[in-house]
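Enquirer: Counting from 1, one number per residue, gives the positions in the sequence shown under full-length UniProt numbering.
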Amino acid sequence: MNPSFRSRHPHQDPWIPLTDILIATDDFAHQNLIEQGAYKDVYKGELSWSGKLISVVVHRLYCSHEDDLLYTIYRFRALNHKNIVSIVGVCVEKDYEIIIVSEHAVNGSLDKYLGNPILLTWMQRLRTCVGVAHALRHIMDDSFPRYVVYGNMMKSSKIILDKDWEAKVLAIPAANSGYIGVNDCYSLGRLLFEVLCDTKKMIGDGDGKHLVTNVKRHYLVGSLENIIDPNLWTQMHPHSLVVFSKTAYSCLTEPQYDIDAVVRNLEEALKHQLKREDTGGTGQDSPVLCLARPSLGLSRTH
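Written out as structure tokens, the structure reads:
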């Protein structure tokens, strides 16, 4: 640890020794490199901490001066939310370089489970999406310093799941004060359709590289059932699907769509699904019939 920095800022605990981080990442081995950029390198690792071995993500961030180091630490720690990845500790060993160590959820990333509607049920997917929306609302709150979702895109590969299958979003301080969070709702809409649709069918459906184009087309013509896994389709309460899909579509098509409305609507979709679970899986209408209805009075921007 840089002794001069730590002596000037003794309140910035918990400090993690660089030697521990080097062991955790195998000396920042290339096989542990997750992402590389101009101002940050990110690694995965196994850290011995508080008497146990934990999975971590190690972020090497490069700052221009000491004030940036302090502000970066502050902004990382300012985020405290159950659906946002928590910080284990920090290390400042070199001038203008800070290492942030965060938790790495044991169940890995969401994208690994989207193709399995039995393991990741519609109910679990709804809970995951509600958690992600809550995290995004927290990140976008103007009372906090500006943050962005790690990688600048809300994707299933960026969402990690803890031992209780609770969704965790990794947020990092924005690089500049000009950050605008409007596109986050668009990014969330893409994620919602990624969670909903059978990606294998999307690959074989026209230009499979353009998920957004395809799902918007299917939504508008009322054919979403053609791109949803049948095993997932049969689990859905009809109104849950309608509310969820309309919310996702609104995120993609309305630039100023309100994140509070997104949270309310996803919670409404979850409530509909809970009703289905409580009644043993019965519903009044089929999802196909409900998808044909133009409106269910969803929350809008206020």
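Using N, Cα and C, we set each Cβ at its ideal position, and we do this for glycine too.
Which class does residue 254 belong to by DSSP, given the choice of helix, strand or coil?
Expert: Locating residue 254 in the sequence shown gives position 254, counting from the first residue. Three-state DSSP puts residue 254 in coil, outside helix and strand.
Enquirer: Work out the CA separation of residue 251 and residue 141 for me, nearest whole Å.
Expert: The residue you call residue 141 lines up with position 141 of the sequence shown. The residue you call residue 251 lines up with position 251 of the sequence shown. Each residue's Cα considered, the two are about 18 Å apart.
Enquirer: Quick check: the Cα distance between residue 185 and residue 215, rounded to an integer number of angstroms?
Expert: In the sequence shown, residue 185 corresponds to position 185, counting from 1. In the sequence shown, residue 215 corresponds to position 215, counting from 1. When rounded, the distance between both Cα atoms is 16 Å.
Enquirer: Could you check where the alpha helix (DSSP H) with residue 273 kicks off and where it finishes?
Expert: As a first step, residue 273 must be located in the sequence shown, where it is residue number 273. 259-278 is the span of the alpha helix (DSSP H), which, as asked, contains residue 273.
Enquirer: From 52, 58, 38, pick the residue whose C-alpha is nearest to that of residue 26; which is it?
Expert: Counting from 1 along the sequence shown, the entry for residue 26 is found at position 26. Minimum Cα distance to residue 26 is reached at 58.
Enquirer: Roughly how many angstroms lie between the CA atoms of residue 163 and residue 105, to the nearest whole one?
Expert: The count along the sequence shown starts at 1 and reaches residue 163 at position 163. The count along the sequence shown starts at 1 and reaches residue 105 at position 105. When rounded, the distance between both Cα atoms is 7 Å.
Enquirer: Consult DSSP for residue 24 and reduce its assignment to one of helix, strand or coil.
Expert: Walking along the sequence shown from the start, residue 24 turns up at place 24. Here residue 24 sits in helix by DSSP.
Enquirer: Could you please give the first and the last residue of the uninterrupted beta strand (DSSP E) stretch that includes residue 219?
Expert: Residue mapping note: residue 219 aligns to position 219 of the sequence shown, counting from 1. No beta strand (DSSP E) holds residue 219; the alpha helix (DSSP H) holding it covers 211-221.
Enquirer: State the CB to CB distance for the pair residue 247 and residue 192, rounded to an integer number of angstroms; the pair is presumed to be in contact (CB under 8 Å).
Expert: By one-based count along the sequence shown, residue 247 stands at place 247. By one-based count along the sequence shown, residue 192 stands at place 192. That belief holds up - the Cβ atoms of residue 247 and residue 192 are roughly 7 Å apart, short of 8 Å.
Enquirer: Please state whether the Cβ-Cβ distance between residue 127 and residue 270 is less than 8 Å.
Expert: As a working note, residue 127 is residue 127 in the sequence shown. As a working note, residue 270 is residue 270 in the sequence shown. Cβ atoms of residue 127 and residue 270: closer than 8 Å.
Enquirer: In angstroms, rounded to a whole number, what distance separates the CA positions of residue 245 and residue 238?
Expert: To locate residue 245, count along the sequence shown from 1; it is residue 245. To locate residue 238, count along the sequence shown from 1; it is residue 238. Spanning the two alpha carbons is a distance of roughly 11 Å.
Enquirer: Looking only at its chain, what residues have a beta carbon closer than 6 Å to the beta carbon of residue 194, apart from the 5 residues adjacent to it on each side?
Expert: Translated into positions along the sequence shown, residue 194 becomes position 194. Only 156 meet the Cβ criterion.
Enquirer: Are residue 273 and residue 223 close, meaning C-beta to C-beta below 8 Å?
Expert: Position 273 of the sequence shown holds residue 273. Position 223 of the sequence shown holds residue 223. No, the Cβ-Cβ distance between residue 273 and residue 223 is not below 8 Å.
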